[in-house]
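Below is one structure, written out as C-alpha cells; the observations come after it.
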Amino acid sequence: MSDHPNEQQGVNVLDSVTHDLRQDSADAFLTVEQIKGYVDEFVQDPDIHSFFGNQPVWSSQEYMDKLTTIPDLMDLVKTPNLLAVTLRALPKVVNPRQDLVDIRIVRVDLYDKFVEQWFALSLRRLESSVLSSVEREALTDLIKDGFVTQGINFLKRLADSIFTKQSGDPVLRYTHIRDKDTWKAEFFGSDPKIRLLREASPLTSTVDTFRFSHLSILEYFFSCVIFSPAKRDPHDKAGPTDVQSFDPDCPLLTRNLLSEPSVLRFLSDRVQKGSEFEVQLREVIEKSKSDPSFATATANAITILIRAGVRFNRADLRGIRVPGADLSGRKFDSAQLREADLAGVNLARS
C-alpha cells in the first residue's frame with residue numbers, strides 16, 4: 014500500500030462505495046427516515062469529497078430537497094444500493110438551472126454518471142500511485158485512448174462474456190496457471206493494461222474469485238452491450254440503427270431477455286430518454302414479418318418498448334413473430350395482429 018495521501022484517499026472512497034453497494038438485499042426497502050439518516054452520514058463522510066473532485070458536496074437538506082421534489086425519485090432510491098448510486102450521481106445529473114419538478118430521471122441516468130465518476134476517480138488514484146515503468150507506459154496509452162471509455166468498454170466485454178460464457182453467473186474464478194489460455198485471461202491476465210483496467214473497475218475479489226461490486230452493475234453493463242448512446246467501441250455488439258448491420262451475436266437477437274428484468278429495465282430507460290434505440294427496436298419488429306430468425310429479437314424488442322410506455326394502438330403488426338413476449342398493459346387497442354405468432358405471449362390487460 015502506497016503512503017501517498019492522494020492514492021490512499023482514492024482507495025478509501027472507492028472502498029466506501031463498494032461497501033455501500035454491497036449492503037443491498039432483496040428485502041431491504043428503506044423508509045424515508047432511513048434514507049434521511051443515510052444522507053446525513055453520507056455528507057459527513059470526509060472521503061466523499063474525493064468522489065466529487067472540485068465540485069462542492071451538497072448538504073443533507075439539498076439532497077433531501079432533490080429526492081423529495083424530483084418526480085418519482087424517492088421511489089427509485091428505496092434500496093441501499095440505488096440510494097448509494099443516486100447520492101453519488103445525482104449532482105452530475107441535475108441541471109441547477111432547471112426547475113426540479115420538470116426533471117425526469119430514470120435509473121440508467123444515475124448509473125451512467127456513477128460509472129463515469131468511478132473511472133474518473135480511479136484514474137486519479139492510478140496517476141498518483143507508485144507504478145513500474147511498464148505500468149506507467151500502459152496507463153499513458155490508456156489515457157491517450159480515453160481512460161473512462163476504455164474502462165467502460167472493458168466492463169461491457171466482461172459483462173457480455175459472463176452472460177455468454179457462464180449463463181450470467183456473476184462469480185468468476187480465475188487462476189493464471191489454469192485459465193491463462195481461456196477467455197478469462199482477456200480480463201484477468203497479467204497484461205499491464207488489463208491489470209490497470211481491472212484495478213480501476215467496480216469489481217471485488219478474493220484469492221481466485223472476482224465479481225462486480227453489485228449485481229445491478231453487471232446488469233447495467235450487459236444492457237450497454239445491447240445499446241449504449243455513447244461512442245461505440247469496435248468490439249461492441251450493439252450495432253447501428255440499421256437492422257441489417259446488427260452483429261449476429263448481439264444479445265438482443267440471440268438471448269431471451271424476459272428472464273432478465275433488470276436488464277430490460279435499463280433498456281426501457283434508454284427508450285424513455287428518446288434515443289435512437291426506439292427506432293432500432295421498431296425496425297427489429299418490422300423485420301420479423303419477413304424473417305422468422307428475428308422472433309427472439311422481436312419478443313425482446315416489443316417487451317422493452319411496452320415497458321417503456323410505448324403504445325401500439327392501431328399499429329399494423331400483422332405477421333410479427335413475438336413468441337413469449339410481454340404485451341400486457343392495454344397498449345394494443347385496435348392493433349392489427351392477424352397472422353402474428355403470439356405463442357406464449359402475455360396479453361393481460363392489453
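Here the sequence shown stands for residues 14 to 363, numbered as in the working numbering.
C-beta atoms are modelled at their ideal positions from N, C-alpha and C, and glycine is treated no differently.
Within the model, the alpha-carbon separation for aspartate 88 versus arginine 320 is close to 17 angstroms. Per DSSP, the unbroken alpha helix (DSSP H) holding serine 146 starts and ends at 146-157. Cβ neighbours of leucine 168 within its own chain (closer than 7 angstroms, five residues either side excluded): Ser214 and Phe234. In the three-state reduction of the DSSP assignment, glutamine 68 falls in the coil class, being assigned neither a helical nor a strand state.
Distance from alanine 308 to phenylalanine 325 at the Cβ level is roughly 17 angstroms; contact not present, criterion being Cβ atoms closer than 8 angstroms. Remark: C-beta atoms of isoleucine 298 and threonine 316 do not approach each other more closely than 8 angstroms.
Leucine 152 and leucine 139 do touch by the CB rule: their CB atoms are close to 6 angstroms apart, below 8 angstroms. Checking the DSSP bridge columns, you'll see threonine 222 partnered with Arg186. Inter-residue distance for glutamine 74 and aspartate 53 is about 9 angstroms (C-alpha atoms, whole angstroms).
Take the alpha-carbon of serine 229 and the one of proline 183: they are about 10 angstroms apart.
When DSSP states are grouped into helix, strand and coil, threonine 99 belongs to the helix group.
Runs of alpha helix (DSSP H) with 4 or more residues, each lying fully within the segment 267-338, are found at 274-285, 290-300 and 308-320, listed in chain order. Contact between the segment 111-123 and the segment 77-88 is present, with at least three C-beta pairs closer than 8 angstroms. Between glycine 357 and glycine 337, the C-beta spacing is below 8 angstroms. Excluding sequence positions up to five before and after arginine 327, its CB lies within less than 7 angstroms of the CB of Ser347 and Ala348, all in the same chain and listed in chain order.
The DSSP-derived three-state label of asparagine 359 is strand. Rounded to the nearest whole angstrom, the C-alpha separation of leucine 123 and threonine 219 is 28 angstroms. Residues Val184, Leu185 and Arg186 of the same chain have their beta carbon placed closer than 7 angstroms to that of threonine 222, with the five preceding and five following residues left out of the count. Restricting attention to Glu232, Gln68, Phe42 and Pro205, the CA atom closest to the CA of serine 145 is found in Pro205. Apart from the 5 residues on each side of it in sequence, histidine 62 sits with its Cβ closer than 7 angstroms to the Cβ of Val70 in its chain, given in chain order. The straight-line gap separating the alpha-carbon atoms of lysine 126 and valine 161 is approximately 11 angstroms. When the five nearest sequence neighbours on each side are left out, the beta carbons in the same chain lying within less than 8 angstroms of the beta carbon of alanine 353 are those of Leu330, Arg331, Gly332, Ile333, Arg334 and Val335, in order along the chain. Counting only residues of its own chain and dropping the five nearest sequence neighbours on each side, cysteine 237 has a CB closer than 6 angstroms to the CB of Lys169. For the set Val128, Val45, Asp339 and Thr44, the Cα lying nearest the Cα of glutamate 232 is the one of Val128.
Around the beta carbon of aspartate 282, 16 or more other beta carbons lie within 10 angstroms, which makes this residue buried.
Here valine 323 really is in contact with valine 284; their C-beta atoms are around 7 angstroms apart, less than 8 angstroms.
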